[in-house]
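Here's the structure we're looking at; comments come further down.
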Amino acid sequence: MDKGLFVYYGDFNVQQIPFYQMCHDAVRSGNLFWNWTTDLGVNFLGSYSFYNIGSPFFWLTIPFPSEAVPYLMAPLLMLKFATASVTSFAFLKRFVKNPNYALIGALLYAFSGFSIYNIFFNHFHEVIAFFPLLLLALEENVVNRRRGVFALMVALSAVINYYFFFGEVIFVTIYFFVRLICGGEFKLNVKQFLLLFFEAVLGVLIAAFLLLPSVLAISGNPRTDNFLLGWNGLLYSSVQRYGLILQSFFYPPDIPAYPNFFPDSNAKWSSVSMFLPLFSMTGVFAMLKSREKHWTKPLFFLSLVIAFIPFLNSSFSAFNNSYYARWFYMPILIMSVMTIVALEKYRENFKFGVKWTAIVAGAFLVISFFPSYKDGKIVFGQLPKYQDRLWAYVMVVVMGLILSYVLTRLTKKAFFRATTIAVCFMAILTSILMMALGKGNSLTTHRVVEMGLHGRDKLTFLQQDKDEFYRIDMYNNVDDDKKCMDNFPMYWQVPTIQAFHSVVPASIFTFYDSIGFDRGVGSRPDVKYRGVRALTSVKYLLTYAGEKDADTEGFSYLTTENEFDIYRNDNYVPMGFTYDYYVNDKMFDDFSEKSRDRLMLSAIHLNDEQIDRYGDILAELPLTEYPIISMEGLQQDAANRRKNTCYFFETDNLGFTAKIDTPTDELAFFSVPWEAGWTATVNGEPAIVENVNNGFMAVRVPAGDSTIRFDYMTPGLKTGFLITLGGLFLLIAYVIMMNRVAKRRPEWRLNPYAHQNREATLSRIAAGDAYAATISRKVRSILHPLPSLDNPEEEIPDCSDEPEEETEIVIPKSEEDEPPAEHPLPKAEEREHPLPQPDEEQTDGTTEK
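Number 375 in this note's numbering belongs to position 372 of the sequence shown; there are no gaps in the numbering.
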């Protein structure tokens, strides 16, 4: 449909596709430190470790050329789903005797509503794919005494995504204590616990090469500082959110940004889905009905409680005050365990599960028809926002309930094949429903492919000014249908002030906060901030062709290309310029917030210490020089800044080089976000990198021609690598030491079959030995028959000279000596046709002696 491309909608189109291609190109070109085409400039590793850098799947694109990367998005997504199936199967098969049930559970987990929903957030699937291995490594460490693997999985989880790793640490801790309290084979002493904790610490140390730079990169991000306290931490402000959470267990998820059942739940992008394809909650209810004290029950209820308490829920998102349910993939794995255990051991309870799933799902359907007011009239069935989608969701649920009821009544042989097919069918059906709704906007596909991926070569101004550094702006002052799609410049890989990206330097947030603009998850400054455009060296403005309502004052129309009207900024100031005046903190704070961008074009904002250092070359801004908030005043201020600008400015993989000729000592300003990783030299001599204008950089230059060099090194990268090397050394030493200890102390040895049923193992051994002994006796009776009863005088053979044979029954000393059979024979008393036992009457009328 898209000629080999997979184009979806929303964040997938404007983030995942351009991020993959841009990061791919950056890695291949060695640009691993400072990235110039994201926002005003970002720490590459710190900003993209959340999205791409830690993903094993991303690195598979590196051998391919840049043009191939968009075509790899669909194959990589398939690989992520397949990986999630394999890893969850490895975890789930520990809890069932028949691995076919684990296969069913793996499909439930990999194609859950959470996974389908988060195709929108493509980078979430890395975490979904590898999380089961983290729990598996924990089980192997505690139950099977397998050393070192848990440390490696902790490291891998931390590298893949530090944000999700924070939540995984909390969930794994809860999982550990629930399993420990519930007893069974999951037990350890104090020494073993300390070793487990040591491995966890080792895992964090090994991940430090990427984890440390990532943590330092977000340390000043204001999104990490707001916590839910007071009543906001105990109760959700939106009552509908409680209904949304419950509904997510029983219905397929709503499409992101378009909630249906609970439109005012304020959770449009929060990944709220606990839906399992086909079975929904039937398996969970069936498991809960059983009397078995299984560890999944308290863990499931704890997850439910956490989901309903805002403060506890936010702990999985580093206590972010925004509502997210992006940790739901973890309890979904537990629900998959509950479902397959119920299928194997408590299938008779599925009638109960189907009944209660139907009752609750039906209750939500009844609520949707509750009367409401519309235009002053009472109407019914208007609570759901999109009625057509509602009935599609209902169809999926009803089909699942019917199939669940029928399948759980099939014989075991027919059940596995039919259920596997049914799960796949329902997963495909749910996926098609979600994808169809997302891809419904064909205009988006055109913009992504023709104007984005294939658009750079159509923009001639990019080729004409390729030797000059400047930024471009995309018009966004209209409604959603007319404003430019996010991240167009990232498709073309040109510097810009517009960026839809959550993880950028804290200095960018500081700058926008200082002028009264709420950056949130994207830099989209209103066009009324015209001073920002001059301050940040914006040269071109692009609007959709024919956009008549665009506010383009201060820009001159040039041409129309690639379905864009292109304007040139009349107040463009090249990168790198000087000031005559400064303003202090009080002067800046007293100025109108919405006009502070204009103030920073008239004078540079310095703190008191900086004023002491540079008061000899800059004067305090006099009242007569305060900016006039008009187009004429903007033109005059821009002209003043153009009087003394860098005549050379060039970026590279490590920073940038600038050249400027000044009549006196000056403070050269660069609209590049300040970070601790920057160092500078002026004419080869070290210079102080000043943080000015609320987040940008400046250095002092002497009179005359000066060469300015800025170099960037990711903060924490070198230290992180040293810590990683130390962690790897400790891990190797630890594994060698534990292997030596295990040789001397059997209780510390690897026991690969400890998680399997000991009773079944012994039953198999006893039954096999009894069978072998019986066959042996039969052979001996044939070789040496007893005297016939019709001829009592028949001589009995003398076997006294023959050595007496004894049947030795050997039972392994521990489970590690011999693996259990896949299908152990049942105990003697449970057999339909018991095996012959010693001293039992035989069919030929003889009696064994």
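All residues carry an ideal CB built from backbone N, CA and C; glycine is no exception.
On a predicted model such as this, the values are computed, not experimentally measured, just so you know.
Using a 10 Å radius around the Cβ and a threshold of 16 neighbouring Cβ atoms, would you call W330 buried or exposed? Residue 330 sits at position 327 when you count from the first residue of the sequence shown. When all chains shown are included, W330 counts as buried.
How long is the line joining the alpha carbons of E819 and Y756, rounded to whole angstroms? Here residue 819 is taken as the residue at index 816 of the sequence shown, counted from 1. Here residue 756 is taken as the residue at index 753 of the sequence shown, counted from 1. Bear in mind that the predicted position of E819 carries a pLDDT of just 39, short of 50, making it too unreliable to give a figure here.
Please state if the CB of Y389 and the CB of Y261 are separated by a distance shorter than 8 Å. Within the sequence shown, residue 261 is the residue found at index 258, counting from 1. Within the sequence shown, residue 389 is the residue found at index 386, counting from 1. For Y261 and Y389, yes; Cβs fall inside 8 Å.
In its own chain, which residues sit with a C-beta less than 8 Å from the C-beta of N352, not counting the 5 before and 5 after it? To locate residue 352, count along the sequence shown from 1; it is residue 349. Within the same chain, N352 has close Cβ partners F288, A289, M290, K292, S293 and A345.
Considering Cα atoms alone, identify which of H126, Q24, V89 and L43 is closest to G57. In the sequence shown, the residue the question calls residue 57 occupies position 54. Measuring from the Cα of G57, the nearest candidate turns out to be H126.
Using a threshold of 8 Å, state whether the C-beta atoms of L219 and G719 are closer than that. As a position in the sequence shown, residue 219 is number 216, starting the count at 1. As a position in the sequence shown, residue 719 is number 716, starting the count at 1. Yes, they are a contact pair.
Would you mind sorting N794 into buried or exposed? The rule is 16 or more other CB atoms within 10 Å of its CB. Within the sequence shown, the letter at position 791 stands for residue 794. Only weak support is given to the placement of N794: the predicted model assigns it a pLDDT of 48, under 50, and the value that follows is read from those uncertain coordinates. Residue burial is scored here from C-beta neighbours: N794 has fewer than 16 other C-beta atoms within 10 angstroms and is therefore classed as exposed.
Three-state secondary structure assigned by DSSP to L561: For the purposes of this step, residue 561 is taken as the residue at position 558 of the sequence shown. Of the three classes helix, strand and coil, the one that applies to L561 here is strand, per DSSP.
Return the CA-CA distance between D714 and G687, expressed in angstroms with no decimal places. Counted from its first residue, the sequence shown places residue 714 at position 711. Counted from its first residue, the sequence shown places residue 687 at position 684. Approximately 12 Å between the Cα atoms of the pair.
Give the C-beta separation of F319 and G170 to the nearest angstrom, bearing in mind that I take them to be a contact with Cβ-Cβ under 8 Å. Along the sequence shown, one-based indexing puts residue 319 at 316. Along the sequence shown, one-based indexing puts residue 170 at 167. With 8 Å as the limit, F319 and G170 qualify as a contact, their Cβ atoms being about 3 Å apart.
Answer yes or no: do L545 and I475 have a C-beta to C-beta separation smaller than 8 Å? To locate residue 545, count along the sequence shown from 1; it is residue 542. To locate residue 475, count along the sequence shown from 1; it is residue 472. For L545 and I475, yes; Cβs fall inside 8 Å.
Reference F373, options L205, L386, Q195 and G707, closest by Cα: The residue given as residue 373 occupies position 370 in the sequence shown. From the listed residues L205, L386, Q195 and G707, the smallest Cα separation to F373 is found for L386.
Cβ pair count under 8 Å reaching 3, the region 539–557 against the region 613–627: Remark: fewer than three beta-carbon pairs, one from each stretch, lie closer than 8 Å, so the region 539–557 and the region 613–627 are not flagged as touching.
W37 - DSSP class collapsed to helix/strand/coil: Locating residue 37 in the sequence shown gives position 34, where the first residue counts as 1. The answer is strand: DSSP assigns W37 an E or B state.
Please say whether F117 and L82 have beta carbons closer to each other than 8 Å? Mapped onto the sequence shown, residue 82 falls at position 79. Mapped onto the sequence shown, residue 117 falls at position 114. Their beta carbons are not under 8 Å apart, which means L82 does not touch F117 by this criterion.
Is R527 near N572, with beta carbons less than 8 Å apart? The residue you call residue 527 lines up with position 524 of the sequence shown. The residue you call residue 572 lines up with position 569 of the sequence shown. At a Cβ-Cβ threshold of 8 Å, R527 and N572 do not count as neighbours.
Quick check on the DSSP output: the beta strand (DSSP E) that includes F713 runs from which residue to which? Against the sequence shown, residue 713 aligns to sequence position 710. F713 -> beta strand (DSSP E) spans G707 to Y715.
Taking the C-alpha atoms as reference points, what is the distance between P577 and T648? Counted from its first residue, the sequence shown places residue 577 at position 574. Counted from its first residue, the sequence shown places residue 648 at position 645. Using only the alpha carbons, I get a separation of about 7 Å.
Under the three-state DSSP convention, the category T764 falls into: Residue 764 sits at position 761 when you count from the first residue of the sequence shown. Legend: pLDDT at T764 = 41, less than 50; position of this residue unreliable, value from coordinates given subsequently. T764 falls in the helix class under three-state DSSP.
Can you tell me which of L139, V72 and Y54 puts its alpha carbon nearest to the alpha carbon of H758? On the sequence shown, position 755 is the one that residue 758 refers to. Out of L139, V72 and Y54, L139 has the C-alpha closest to the C-alpha of H758.
C-alpha gap between F591 and G519, whole angstroms: Here the question's residue 591 lines up with position 588 in the sequence shown. Here the question's residue 519 lines up with position 516 in the sequence shown. A direct Cα-to-Cα measurement between F591 and G519 gives close to 13 Å.
Look at the alpha carbon of I607 and the alpha carbon of G658, and state the distance between them as a whole number of angstroms. Locating residue 607 in the sequence shown gives position 604, counting from the first residue. Locating residue 658 in the sequence shown gives position 655, counting from the first residue. If I take the Cα positions, the gap works out to 23 Å.
Rounded to a whole number of angstroms, what is the C-alpha to C-alpha distance between S274 and D257? Here residue 274 is taken as the residue at index 271 of the sequence shown, counted from 1. Here residue 257 is taken as the residue at index 254 of the sequence shown, counted from 1. S274 and D257 have their C-alpha atoms some 9 Å from each other.
Run through DSSP, which three-state label would Y389 get? Here residue 389 refers to the residue found at position 386 when the sequence shown is read from its first residue. The DSSP-derived three-state label of Y389 is coil.
Just mark D14 as buried or exposed, buried being the case when its beta carbon has 16 or more other beta carbons within 10 Å. For the purposes of this step, residue 14 is identified with residue 11 of the sequence shown, where counting begins at 1. Result: buried.
Nearest-angstrom Cα distance between F472 and G206? Locating residue 472 in the sequence shown gives position 469, counting from the first residue. Locating residue 206 in the sequence shown gives position 203, counting from the first residue. Here the alpha carbon of F472 sits roughly 43 Å from the alpha carbon of G206.
Taking only three categories from DSSP, how would you classify R527? By 1-based counting over the sequence shown, the position of residue 527 is 524. In the structure shown, R527 adopts coil according to DSSP, grouped into three states.
By Cβ distance below 6 Å, which residues in the same chain neighbour M477 in space, the five residues on each side in sequence not counted? On the sequence shown, position 474 is the one that residue 477 refers to. Answer for M477: C487, F491, Q501 and L545, listed in chain order.
Is L725 near the ligand SAH, with its Cβ less than 7 Å from a heavy atom? Absence of the ligand SAH from the depicted structure is noted, as is the absence of any ligand whatsoever, leaving it without description.
Boundaries (first-last residue) of the alpha helix (DSSP H) holding I663: Numbered from 1 along the sequence shown, position 660 holds the residue referred to as residue 663. Segment G658 to T665 is the beta strand (DSSP E) holding I663; no alpha helix (DSSP H) there.
Own chain, CB closer than 7 Å to F304, minus 5 neighbours either side, in chain order: Residue mapping note: residue 304 aligns to position 301 of the sequence shown, counting from 1. The beta carbon of F304 is closer than 7 Å to none in its chain, skipping five residues each way along the sequence.
Among V530, P225 and N656, the one whose alpha carbon lies nearest that of A553: As a first step, residue 553 is located in the sequence shown; it is residue number 550 there, counting from the start. The candidate whose alpha carbon is nearest that of A553 is V530.
With a CB to CB cut of under 6 Å and the five nearest residues on each side skipped, what residues in its chain are close to P334? As a first step, residue 334 must be located in the sequence shown, where it is residue number 331. Apart from sequence neighbours up to five positions away, the residues of its chain that approach P334 with a beta-carbon distance below 6 Å are S306, ordered along the chain.
Can you give me the C-alpha to C-alpha distance between K415 and N103, rounded to a whole angstrom? Counted from its first residue, the sequence shown places residue 415 at position 412. Counted from its first residue, the sequence shown places residue 103 at position 100. Looking at the two C-alpha atoms, the distance is approximately 10 Å.
With DSSP as the reference, identify every bridge partner of R703, one or two as the case may be. What you label residue 703 is simply residue 700 of the sequence shown in a count that begins at 1. DSSP lists L670 as partners of R703.
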